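First residue of the sequence shown? That's 3 in our numbering, and the numbers climb one at a time after it. Beta carbons are placed, not taken as given, at the ideal position from N, Cα and C, and that holds for glycine. It should be emphasised that the depicted structure is a prediction, and the values quoted were computed from it without experimental measurement. Before any comments, here is the structure.
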Amino acid sequence: MSWREMLRAEVTDDQQLIKHNLKKPVSKPSSADCADIADRESKLNVSKQREQKQSHEERQSRLMECLADACKGLEITPMEIHKALSPDDIKEWESGDLTLEELSAFADLLVDRRSMDRGERPDHFTEKAHCRQCGPVYLWISGTVLGCPWCFNRAADRPIPRPRSVRCGECCHFERVSYHPHLGHCTMGEPEAVAGLWDSDRRYCLRYIPHPQQSTNVPTGATEAKTKS
Ligand code: SF4
Ligand SMILES: [Zn+2]
3 MSWREMLRAE VTDDQQLIKH NLKKPVSKPS SADCADIADR ESKLNVSKQR EQKQSHEERQ
63 SRLMECLADA CKGLEITPME IHKALSPDDI KEWESGDLTL EELSAFADLL VDRRSMDRGE
123 RPDHFTEKAH CRQCGPVYLW ISGTVLGCPW CFNRAADRPI PRPRSVRCGE CCHFERVSYH
183 PHLGHCTMGE PEAVAGLWDS DRRYCLRYIP HPQQSTNVPT GATEAKTKS
């Protein structure tokens with residue numbers, strides 16, 4: 003038998019097979035079977051969701067325990083640290099890339115930041131420095147810096163404790179009067195004499211912000227600070 007005949011025979015057989023299948027009645031699944039499958043799937047989903055919730059709660063509980071350790075001796079609660087953590091930070095903690103030491107350092111920073119927001123100097127900011135944007139500031143290093151943590155206060159109009167007195171005449175909140183070359187008023191409402199403020203008088207002022215041209219004037223003897231790594 004040639005391959006053509008063989009092929010024809012196979013085609014014939016296939017056609018017969020197709021015809022046979024078309025004639026064969028299709029058996030419908032019973033509605034009871036469908037309901038059973040749907041019920042099993044729904045149970046599986048519920049159990050999967052329950053497991054996911056349980057594991058999320060367990061991870062949260064372990065994270066809160068870790069945060070409780072991180073904030074020991076500090077004026078901050080685990081929940082406050084938790085709120086400050088980003089979803090990426092939490093993922094890093096879950097994968098073990100964020101250690102307890104790092105969380106403790108982060109808690110320390112948050113405590114410092116809160117004091118600074120109130121205009122209070124953190125205990126370790128003991129050096130007299132000069133920020134080109136904020137003027138004289140307390141930092142953990144001395145010398146001159148281009149920007150500093152107090153810049154956040156400056157941007158948010160919060161007070162900045164000063165290590166030395168400043169001159170109103172060099173402050174951007176000083177508004178000169180038209181009738182006198184040295185007198186002016188404070189637009190921040192700081193206490194002043196009836197006649198106003200004398201531009202060259204020195205005072206300790208938490209609201210002082212240097213004029214841009216003053217901020218670039220580095221005090222005599224100040225050196226460019228080397229930032230701590
Ligand atoms: S903010 Fe302070 S330094 Fe500036 S003008 Fe007012 S009182 Fe003077
Ligand atoms: Zn600054």
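Cβ-heavy atom distance, residue i to ligand 3, below 6 Å
{"i": "residue 133", "result": "Ligand 3 is not among the ligands present in this structure, which contains only ligand 1 and ligand 2."}
For residue j and residue i, the rounded distance between their alpha carbons
{"i": "residue 167", "j": "residue 73", "result": "36 Å"}
{"i": "residue 106", "j": "residue 119", "result": "20 Å"}
{"i": "residue 58", "j": "residue 48", "result": "15 Å"}
{"i": "residue 196", "j": "residue 92", "result": "56 Å"}
{"i": "residue 70", "j": "residue 124", "result": "22 Å"}
{"i": "residue 96", "j": "residue 143", "result": "35 Å"}
{"i": "residue 207", "j": "residue 191", "result": "12 Å"}
{"i": "residue 88", "j": "residue 62", "result": "14 Å"}
{"i": "residue 99", "j": "residue 214", "result": "42 Å"}
{"i": "residue 2", "j": "residue 185", "result": "Because residue 2 is not part of the residues shown, which for the chain are 3 to 231, the question remains open."}
{"i": "residue 193", "j": "residue 178", "result": "16 Å"}
{"i": "residue 56", "j": "residue 117", "result": "38 Å"}
{"i": "residue 78", "j": "residue 43", "result": "46 Å"}
Three-state class that DSSP yields for residue i in the structure shown
{"i": "residue 55", "result": "helix"}
{"i": "residue 183", "result": "coil"}
{"i": "residue 171", "result": "helix"}
{"i": "residue 197", "result": "coil"}
{"i": "residue 160", "result": "coil"}
{"i": "residue 73", "result": "coil"}
{"i": "residue 95", "result": "helix"}
{"i": "residue 16", "result": "Confidence is the limiting factor: at residue 16 the pLDDT is only 48, short of 50, which leaves the residue's position unreliable, though a coordinate-based value still follows. Looking at residue 16 - three-state DSSP - the assignment turns out to be helix."}
{"i": "residue 154", "result": "helix"}
{"i": "residue 127", "result": "coil"}
{"i": "residue 88", "result": "coil"}
{"i": "residue 120", "result": "coil"}
{"i": "residue 100", "result": "coil"}
Check whether residue i and residue j have beta carbons under 7 Å apart
{"i": "residue 149", "j": "residue 212", "result": "no"}
{"i": "residue 127", "j": "residue 140", "result": "yes"}
{"i": "residue 156", "j": "residue 121", "result": "no"}
{"i": "residue 130", "j": "residue 163", "result": "no"}
{"i": "residue 68", "j": "residue 46", "result": "no"}
For residue i: DSSP bridge partner residues
{"i": "residue 176", "result": "188"}
{"i": "residue 132", "result": "138, 146"}
{"i": "residue 205", "result": "168"}
{"i": "residue 80", "result": "DSSP lists no partner for residue 80."}
{"i": "residue 212", "result": "173"}
Note to self: Under 8 Å, with one C-beta from each stretch per pair, do the stretch 74-84 and the stretch 109-117 reach the 3-pair mark?
What the structure shows: Three or more pairs of CB atoms, one per stretch, sit closer than 8 Å, so the stretch 74-84 contacts the stretch 109-117.
Check: Are there three or more Cβ pairs, one per stretch, closer than 8 Å when the stretch 161-177 is compared with the stretch 196-209?
Finding: Counting C-beta pairs closer than 8 Å gives three or more between the stretch 161-177 and the stretch 196-209, which meets the contact rule.
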